[in-house]
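Right, one structure below, let's go through it.
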Amino acid sequence: MVRVRGPQLQTPLTRHDLDRGALRRSDPHVLDAGEDAVFLVTRSGAASMLEDGEGRLVPVFEEADPRGHQSASAVYLGQREGRRVIAVELPEPSAELDDPGRDMRDLRRVVGDLGPEDAALAVAAVAMGSWHRSMRHCPLCGALLEARLGGWVLVCTEDGTEHFPRTDPAVIMAVRDEQDRLLLARNASFRSGFHSVLAGFVEPGETIEAAVAREVAEEVSLVVEEVEYVGSQPWPFPRSLMLAFRAWAADGQEIVLADGELASARWFTREELTAAVAAGEIQVPNVASVGRALVEDWYGGPIDEG
Numbered sequence: 472m473v474r475v476r477g478p479q480l481q482t483p484l485t486r487h488d489l490d491r492g493a494l495r496r497s498d499p500h501v502l503d504a505g506e507d508a509v510f511l512v513t514r515s516g517a518a519s520m521l522e523d524g525e526g527r528l529v530p531v532f533e534e535a536d537p538r539g540h541q542s543a544s545a546v547y548l549g550q551r552e553g554r555r556v557i558a559v560e561l562p563e564p565s566a567e568l569d570d571p572g573r574d575m576r577d578l579r580r581v582v583g584d585l586g587p588e589d590a591a592l593a594v595a596a597v598a599m600g601s602w603h604r605s606m607r608h609c610p611l612c613g614a615l616l617e618a619r620l621g622g623w624v625l626v627c628t629e630d631g632t633e634h635f636p637r638t639d640p641a642v643i644m645a646v647r648d649e650q651d652r653l654l655l656a657r658n659a660s661f662r663s664g665f666h667s668v669l670a671g672f673v674e675p676g677e678t679i680e681a682a683v684a685r686e687v688a689e690e691v692s693l694v695v696e697e698v699e700y701v702g703s704q705p706w707p708f709p710r711s712l713m714l715a716f717r718a719w720a721a722d723g724q725e726i727v728l729a730d731g732e733l734a735s736a737r738w739f740t741r742e743e744l745t746a747a748v749a750a751g752e753i754q755v756p757n758v759a760s761v762g763r764a765l766v767e768d769w770y771g772g773p774i775d776e777g
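Our numbering puts the last residue of the sequence shown at 777; the count rises by one with no breaks.
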């Protein structure tokens with residue numbers, strides 16, 4: 472793991488540094504099948520999984536090449552135990568391509584159940600599969616794109632322009648007040664009872680610190696006086712990079728909800744949050760979310776959901 476100086480939040484999906492083997496991407500045979508290659512199948516945010524002998528969920532690394540259709544994309548993810556790992560994004564189900572025994576699991580729902588290395592590979596595979604699925608044509612001229620460098624670059628077949636995977640930066644912040652209470656909100660689109668910290672995308676020409684202050688002001692009309700960057704986490708649903716902050720609001724302010732975006736928002740003490748979770752009144756983000764890590768960072772430890 473790369474060491475980072477200063478306060479750092481241990482985010483759930485950053486506990487393993489994936490060996491991406493980037494220098495090998497230029498090898499013209501890096502995506503070929505062979506005894507030194509295994510394949511991780513993905514489709515529309517899901518990945519092939521199974522339960523091992525101990526009941527743990529693990530990705531399936533297939534030795535047989537699952538491709539066989541021109542619309543299946545492939546990406547070299549790196550090395551695992553001396554073997555090349557190739558992610559293959561399959562199109563919609565078909566009798567020719569689909570193994571009837573293959574169990575495709577929505578990664579967003581199960582990523583918290585995976586071990587650190589498995590999660591790192593699955594996250595990269597799903598993120599790249601999403602990019603290949605959405606980038607079929609050149610955004611400049613509309614011609615077809617052709618994959619190069621192990622699937623990490625798409626080149627226009629007409630004008631030769633290169634297109635690279637896109638990541639959207641988003642800030643997520645645990646806002647506290649002068650009493651060290653935590654602000655939790657329920658988005659109008661969230662399921663009933665689900666609460667989380669505030670988050671939003673960074674706008675063009677904006678620093679991440681400014682994005683924190685702007686999003687808090689826009690969503691709950693609070694002025695943030697101080698922010699502290701504490702960590703980051705990929706969130707490939709479909710292509711975000713979550714930048715996590717602690718933030719402190721100025722004293723004596725009233726929460727005013729953004730029109731239509733938030734259903735509710737309120738301050739919680741630790742005792743109030745404990746009681747609300749125990750009573751089933753609210754649910755907090757799942758264990759794979761950086762939002763959960765931020766809540767537990769403030770709370771002082773794991774939250775018991777019973």
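Glycine included, every Cβ here is placed at the ideal spot set by N, Cα and C.
Under 8 angstroms: do the region 631-646 and the region 703-711 share three or more Cβ pairs, one atom per stretch? yes
Should Thr513 be labelled buried (16 or more other beta-carbon atoms within 10 Å of its own) or exposed? Against the sequence shown, residue 513 aligns to sequence position 42. Flag for Thr513 reads buried.
Reduced DSSP category for Ser542 - H, G, I as helix; E, B as strand; rest coil: Taking the sequence shown and counting its residues from 1, one reaches residue 542 at position 71. Of the three classes helix, strand and coil, the one that applies to Ser542 here is coil, per DSSP.
Simplified DSSP state of Ser605, which is helix, strand or coil: On the sequence shown, residue 605 is found 134 positions in, with the first residue counted as 1. Helix.
May I have the straight-line CA-CA distance separating Gly583 from Arg607, to the nearest angstrom? What you label residue 583 is simply residue 112 of the sequence shown in a count that begins at 1. What you label residue 607 is simply residue 136 of the sequence shown in a count that begins at 1. Approximately 31 angstroms, taken between the alpha carbons.
Go through its chain and collect everything with a Cβ distance to Val698's Cβ below 6 angstroms, but skip five positions before and after it. Counting from one through the sequence shown, the residue named residue 698 turns up at place 227. Only Glu680, Val683, Phe716 and Ala718 meet the Cβ criterion.
Just how far apart, CA to CA, sit Val529 and Thr485? As a first step, residue 529 is located in the sequence shown; it is residue number 58 there, counting from the start. As a first step, residue 485 is located in the sequence shown; it is residue number 14 there, counting from the start. Taking the straight line joining both Cα atoms gives about 17 angstroms.
Cα separation between Ala764 and Gln704? Counting from one through the sequence shown, the residue named residue 764 turns up at place 293. Counting from one through the sequence shown, the residue named residue 704 turns up at place 233. About 10 angstroms.
Secondary structure of Trp719, DSSP reduced to three states: As a first step, residue 719 is located in the sequence shown; it is residue number 248 there, counting from the start. Trp719: strand per DSSP, three-state reduction.
Once the 5 residues before and after Ala504 are set aside, which same chain residues still bring their CB inside 6 angstroms of it? Here residue 504 corresponds to residue number 33 of the sequence shown, with the count starting at 1. Same-chain partners within the cutoff: Asp536.
Just reading off the alpha helix (DSSP H) that Leu744 is part of, what are its end residues? As a working note, residue 744 is residue 273 in the sequence shown. Run containing Leu744: Arg741 to Ala749, per the alpha helix (DSSP H) assignment.
For Gly612, collect the residues of the same chain with a Cβ closer than 6 angstroms to its Cβ; drop the 5 residues on either side in sequence, then sort them by chain order. Mapped onto the sequence shown, residue 612 falls at position 141. What sits at residue 612 in the sequence shown is Cys, not Gly. Within the same chain, Cys612 has close Cβ partners Glu629 and Asp630.
Are the CB atoms of Gly671 and Glu690 within a distance shorter than 9 angstroms? For the purposes of this step, residue 690 is identified with residue 219 of the sequence shown, where counting begins at 1. For the purposes of this step, residue 671 is identified with residue 200 of the sequence shown, where counting begins at 1. For Glu690 and Gly671, yes; Cβs fall inside 9 angstroms.
Is it buried or exposed for Ser601, if we count other Cβ within 10 angstroms and need 16 for buried? Here residue 601 corresponds to residue number 130 of the sequence shown, with the count starting at 1. Its Cβ being crowded by 16 or more others within 10 Å, Ser601 is buried.
Give the secondary structure of Ala645 by DSSP, where H, G and I count as helix, E and B as strand, and everything else as coil. Counted from its first residue, the sequence shown places residue 645 at position 174. Residue state, collapsed to three classes: strand.
Count the other CB atoms within 10 Å of the CB of Ser660; is the residue buried (16 or more) or exposed (fewer)? The residue labelled residue 660 in the question sits at position 189 within the sequence shown. Under this definition Ser660 is an exposed residue.
Check whether the region 487-495 and the region 547-554 touch, using three or more Cβ-Cβ pairs below 8 angstroms as the test. yes
3-residue-minimum beta strand (DSSP E) runs that sit fully inside the region 620-672, ordered along the chain: 624-627, 639-647, 653-658 and 669-672
Roughly how many whole angstroms lie between the Cα atoms of Ala746 and Asp775? As a working mapping, residue 746 is identified with position 275 in the sequence shown. As a working mapping, residue 775 is identified with position 304 in the sequence shown. Ala746 and Asp775: Cα-Cα distance of roughly 11 angstroms.
Quickly, what does DSSP pair Arg491 with across the bridge? List them, please. Indexing the sequence shown from 1 puts residue 491 at position 20. Per DSSP, none; premise fails for Arg491.
Which residues does DSSP pair with Glu699 in a beta bridge? Your numbering for residue 699 matches position 228 in the sequence shown. Answer is Arg717.
Can you pull the DSSP bridge partners for Ile557? The count along the sequence shown starts at 1 and reaches residue 557 at position 86. Paired residues: Phe510 and Tyr547.
Spatial distance of Pro756 from His666 (CA atoms): Position 285 of the sequence shown, counted from the start, is the residue given in the question as residue 756. Position 195 of the sequence shown, counted from the start, is the residue given in the question as residue 666. Approximately 7 angstroms, taken between the alpha carbons.
Would you mind reading off the limits of the alpha helix (DSSP H) that contains Pro765? As a working note, residue 765 is residue 294 in the sequence shown. Reading off the sequence, residue 765 comes out as Leu, not Pro. Looking at the DSSP string, the run of the alpha helix (DSSP H) that includes Leu765 is Val761 to Tyr770.
Leu578, enclosing beta strand (DSSP E) - first and last residue: For the purposes of this step, residue 578 is identified with residue 107 of the sequence shown, where counting begins at 1. No beta strand (DSSP E) contains Leu578, which is instead part of the alpha helix (DSSP H) from Leu578 to Val581.
Where do the ends of the beta strand (DSSP E) carrying Ala518 lie? On the sequence shown, position 47 is the one that residue 518 refers to. Where Ala518 is concerned, the enclosing beta strand (DSSP E) stretches over Ala517 to Glu522.
Let me know if Asp768 comes out buried or exposed under the rule of 16 or more other beta-carbons within 10 Å of its beta-carbon. Residue numbering aside, residue 768 sits at position 297 when the sequence shown is read from its first letter. Classification for Asp768: buried.
How long is the line joining the alpha carbons of Val546 and Ser692, rounded to whole angstroms? The count along the sequence shown starts at 1 and reaches residue 546 at position 75. The count along the sequence shown starts at 1 and reaches residue 692 at position 221. Cα to Cα, Val546 sits roughly 44 angstroms from Ser692.
How should Asp589 be labelled, buried or exposed, when 16 other C-beta atoms within 10 angstroms of its C-beta is the threshold for buried? Taking the first residue of the sequence shown as position 1, residue 589 is located at position 118. By the 10 Å Cβ count, Asp589 comes out buried.
Quick check: Ala721 and Val694, are their CB atoms within less than 9 angstroms of each other? Against the sequence shown, residue 721 aligns to sequence position 250. Against the sequence shown, residue 694 aligns to sequence position 223. In this structure, Val694 lies closer than 9 angstroms to Ala721 by Cβ.
Using a 10 Å radius around the Cβ and a threshold of 16 neighbouring Cβ atoms, would you call Glu677 buried or exposed? Taking the sequence shown and counting its residues from 1, the one referred to as residue 677 is at position 206. Result: exposed.
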